[in-house]
Structures are given as structure tokens and as C-alpha cells.
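For the sequence shown, the numbering used here assigns the number 433 to the last residue and increments by one with no breaks.
We treat Cβ as the ideally placed atom computed from N, Cα and C, and that holds for glycine.
None of the values given here were measured: they were computed from a predicted structure.
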Amino acid sequence: MHPFDFASPRTLNDAVAAMAGANGQARALAGGSDLIDQLRVGRRTASLVVDIKNIPEMQRLEYVPGEGLHIGAGVSCTNVYHYAPVAEHYPSVQDSTQLIGSIQIQNRAGIGGNVCNAAPSGDTIPPLITYGGEAHICGSNGWRKMPLEDFFKGPGQNALTSDELLVEIFLPEPPANSSGHYQRFIPREEMDIAVAGAASMVAVEPGTNRCTQARVSLASVAPTPVRARETEAALEGQVLTRDLVRQASELAPNSASPISDVRGTVEYRRQLCKVLTRRTMEQCLDDLGIA
Ligand SMILES: Cc1cc2nc3c(=O)[nH]c(=O)nc-3n(C[C@H](O)[C@H](O)[C@H](O)COP(=O)(O)OP(=O)(O)OC[C@H]3O[C@@H](n4cnc5c(N)ncnc54)[C@H](O)[C@@H]3O)c2cc1C
């Protein structure tokens with residue numbers, strides 16, 4: 143590993159100043175579960191590593207009724223899935239944070255690092271997209287917000303400039319009468335990278351079960367996470383049934399552009415898009431009491 147300087151600022155201003163002063167050679171450190179290994183094997187380089195965990199804004203984990211959920215970029219997966227409003231209002235976020243790595247990894251790693259690492263296989267990302275997540279970013283030119291969907295620019299590439307930090311992910315209040323779930327496929331029980339993953343979120347009109355909103359986001363089947371828009375369009379405005387969900391799930395691979403690699407072929411990943419979309423949708427129907 144190449145030597146680097148280390149800073150552990152206590153304020154956001156100091157952290158941004160440290161990032162800006164490193165001529166594009168600084169990297170933020172959250173849990174370090176991606177970064178440390180990447181520095182060790184030379185996939186990333188840094189002359190300065192800036193620990194963001196001691197900055198109060200990065201540790202915010204707060205659900206504000208009527209507004210939404212703030213998840214600071216330094217909050218661990220463990221703290222996210224133990225926070226009761228997450229299970230109550232954003233169940234797919236609980237699903238995904240509970241399956242990252244192992245207990246030890248979950249205690250260190252967080253959603254902020256998973257998002258910034260921008261791996262196509264990042265498990266926490268599809269659920270955040272289905273809930274309309276926003277990235278709140280701070281840099282030397284001040285604050286900006288962007289839809290999380292637009293944050294990913296390619297494998298390992300995100301929309302941040304070299305002096306910017308992701309401060310939090312914000313999820314707006316979920317629609318009324320909604321549920322969401324995330325599933326991935328890996329060949330073993332844990333500690334593996336998703337061959338494919340799918341998050342679904344559906345909302346229905348009470349009484350009629352007419353779908354007022356449907357969101358599906360897929361992992362590991364394109365250079366960035368994608369929305370399965372044809373599936374969403376086939377569900378929105380319709381009365382939800384198991385048959386309709388099955389038909390709509392068949393459309394999910396139309397939004398994917400998977401590759402063949404050691405984990406699976408193009409055809410296998412396309413099939414997983416259908417199966418995982420259907421299964422996560424069916425979990426939502428179960429939660430909503432739709433037979
Ligand atoms: C054994 C093991 C198992 C794993 N299993 C899974 C898995 O099942 N699913 C999965 O998706 N991932 C998995 N991972 C990958 C990793 O744990 C996750 O991506 C994790 O969420 C990263 O979070 P972190 O806090 O450790 O990020 P870090 O490693 O600290 O950071 C990741 C990247 O984001 C940047 N960064 C971090 N915070 C900020 C910020 N606030 N602003 C700007 N840039 C920032 C860093 O510079 C770095 O480039 C695994 C890793 C290991 C080692």
C-alpha cells in the first residue's frame with residue numbers, strides 16, 4: 143500500500159477544506175470496507191484519506207414524519223436496520239442493509255459508502271432508488287442535491303467532483319398503502335456479490351387495490367443500477383393481481399444490459415431479473431394483503 147496522510151475532521155467545513163486542498167488526491171473514508179482493500183491492491187490511490195465518521199451531519203439517522211428519512215453517509219448498516227422507522231416505512235432498505243457482507247461488515251460499512259463506491263452490484267442502491275432517494279452533497283462551492291438515479295456514471299464512477307462529499311441520502315415519505323422489498327441472487331448464503339438484485343415498491347388505493355405507484359430497480363445487470371420502467375408502466379393504474387405481477391415481471395429484463403462473467407451469463411441474469419422482480423413484488427402484495 144502506498145503511504146498516505148490521514149485526517150479526521152470534526153466538522154463538515156474542515157472535511158470539505160481537506161478534500162479541496164488535496165489536488166484531487168483525497169478519498170473519503172466511511173467504514174473502509176471497500177476503500178482499504180482498494181488502496182491496498184492499487185485499484186484506488188490517495189495522498190490523503192479523510193475519515194468522515196466524526197462529522198455530526200454524517201451520523202444523522204432521523205425519520206421526520208411527513209418529510210422522510212435522513213441517512214447520514216457515515217451511518218452503519220447495523221444502525222440503519224435497527225432503526226424502527228426503517229422497518230416500518232422503508233422495508234426494502236432493511237432487507238438490503240441486513241444482507242451486506244457479514245455482521246462485522248455491517249457494523250463498519252454503510253449506505254453512504256455503498257452508494258459512493260458505485261458498484262453495479264451495490265445491494266443498498268436499488269431500494270433507495272425505488273423510494274425516490276436524493277443525494278445531498280457538499281463541496282467547496284456549497285450544497286447541491288440530485289436524484290440518486292442520476293448519481294451513478296458507470297462501474298465505480300459517481301457524480302461527485304474531487305472536493306465533494308456525500309453528506310446524506312434522503313428518502314421522501316413513502317406513498318400511502320405501500321410496501322417495498324429487495325432480493326438478490328448469490329450462489330451461496332452470504333459474503334458474495336449479487337449476480338442480480340431487484341427492489342420493488344408498490345402503492346395501492348385502499349379497497350380497490352389499484353396501483354398508484356410502482357417502482358422497480360435492478361442491480362448487477364447494467365453498468366449502473368437501472369429502473370425497470372416497462373414493468374412499472376404495466377402495473378401503474380391497474381388493479382394488482384398475482385397474474386398481472388407475473389406478466390409485468392417478464393418485462394424487467396428489457397431495461398437491463400447485462401454481461402456474461404464468472405458469476406453468470408447474460409441469459410441467466412435476464413432470467414433473474416424476471417424472477418427477482420416477481421418475488422419482491424409478491425412480497426409487497428403479501429404485505430398489502432392482496433391475495
Ligand atoms: C467481506 C465483504 C463483504 C461485502 N459484501 C457486500 C455485499 O453483500 N453487498 C454489497 O453491496 N457490498 C458488499 N461489500 C462491499 C462494501 O462492504 C460495501 O460497498 C459497503 O457498503 C461500503 O461502505 P463503507 O462505509 O465501508 O465504504 P468505504 O469503503 O469507506 O467507501 C467506499 C467508497 O466510497 C467513498 N466514500 C465513502 N464515503 C463517502 C462520502 N461521504 N463522500 C464521498 N465519497 C465517499 C470512498 O472514498 C470509497 O471510494 C462487501 C465488502 C467486503 C469486504
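- Going by DSSP, GLN325 is part of the beta strand (DSSP E) stretching over 320-327.
- In the DSSP assignment, LEU307 is bridged to CYS280.
- Between the beta-carbon of ILE253 and that of ILE311 there is about 6 Å, and that keeps the pair under the 8 Å contact cut.
- Annotation: the region 199-227 contains the following complete segments of the alpha helix (DSSP H) (minimum length 4 residues), in chain order: 219-224.
- Pairing LEU377 with GLY243, the inter-Cα distance amounts to about 33 Å.
- A distance of 7 Å or more separates the beta carbons of SER359 and PRO262.
- Remark: the shortest separation between the CB of SER150 and any heavy atom of ligand 1 does not fall under 6 Å.
- Counting every other CB atom within 10 Å of its CB across the protein chains shown gives PRO314 a total below 16, marking it as exposed.
- A direct Cα-to-Cα measurement between LEU241 and ARG286 gives close to 30 Å.
- In the structure shown, the three-state DSSP call for ASN165 is coil.
- Cβ contact annotation for ASP292 (same chain, cutoff 7 Å, sequence separation greater than five): ALA301, in chain order.
- Taking the Cβ of SER304 as the reference point, every heavy atom of ligand 1 lies at 6 Å or farther away.
- Excluding sequence positions up to five before and after ARG388, its CB lies within less than 7 Å of the CB of ARG420, all in the same chain and listed in chain order.
- In the same chain as GLY208, and ignoring 5 residues on each side of it, the C-beta atoms closer than 7 Å to its own belong to GLU315, in chain order.
- Distances from the CA of ALA318 to each of ALA160, GLU347, LYS195 were compared; the closest alpha carbon is that of GLU347.
- Following the DSSP letters along the chain, one finds LYS295 inside the beta strand (DSSP E) bounded by residues 294-296.
- A direct Cα-Cα distance of roughly 44 Å separates PRO395 from THR153.
- The continuous alpha helix (DSSP H) containing SER391 extends over residues 384-391.
- Counting along the chain, the unbroken beta strand (DSSP E) around LEU360 starts and ends at 353-361.
- Judged by DSSP secondary structure, ALA338 falls within the beta strand (DSSP E) whose first and last residues are 338-346.
- Judged by the Cβ position, LEU177 qualifies as a neighbour of ligand 1 at the 6 Å threshold, a heavy atom of the ligand being closer than this.
- In terms of Cβ geometry, CYS258 and THR239 do not form a close pair [threshold 7 Å].
- When distances are taken from the beta-carbon of ASP292 to the heavy atoms of ligand 1, even the shortest one reaches 6 Å or more.
- For GLN299, the beta-bridge partners assigned by DSSP are GLY296.
- According to DSSP, residue pairing for VAL381 in a beta bridge involves ARG352.
- From the listed residues ILE271, ARG369, ALA172, the smallest Cα separation to ILE197 is found for ALA172.
- If you check the CB distance, SER399 and ALA364 come in under 7 Å.
- DSSP places VAL257 in the uninterrupted alpha helix (DSSP H) bounded by 253-259.
- Taking 7 Å as the cut-off, the beta carbon of PRO269 is found no closer than this to the beta carbon of ALA160.
- The C-alpha of ASP147 lies about 38 Å from the C-alpha of THR272.
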